[in-house]
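K.L.:
Would you mind keeping the following structure in view while I ask a few things?
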Amino acid sequence: MTKRCRPRPGWYAAAQHRPLHCQPRGVDQKLGAPRIEGKPKAYLVAQLKAFRDGNRRSDAKAQMRNVARSMTDAEIDEVATFYAGKASPGGER
C-alpha cells in the first residue's frame, strides 16, 4: 500500500475501501476493483448510495453492497471526500 493511499486516522470507512481501490496499476485484477481516486465526489456518493440501497448490483459477489449496506450518509460523504481529493491515476484531479 502506498503512502498516498492512507486515509487520516479515524477514517474507518475509507480504510475499508483503501486496499481495493488504491492499487498501483489502477485495477486489482483479482478483485476487479476499479481505481476511484480523483472521481467527482457527487459521483462517488451516488454510487455508494446505490450500492447501499441495492440499486446497483454490478459488484462481484456483492462485495460493495455488503460494505455499503452498513454505511451512514456521513460515512459515505467521508469516503467520497477522501477519494475525490486524491489524484487520479494520471496525476490529474
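So for the sequence shown, my numbering puts the first residue at 3; every next one is plus one.
Just so it is clear, CB atoms sit at the ideal spot from N, CA and C, and this is done for glycine as well.
(1) What is the rounded straight-line gap between the Cα of Glu39 and the Cα of Arg71?
(2) Is the segment 80-88 touching the segment 46-54, taking contact as three or more C-beta pairs under 8 Å?
(3) Which class does Glu80 belong to by DSSP, given the choice of helix, strand or coil?
(4) Are the Cβ atoms of Ile78 and Lys41 separated by less than 8 Å?
P.N.:
Checking against the coordinates, here is how it stands:
(1) 21 Å
(2) yes
(3) helix
(4) no
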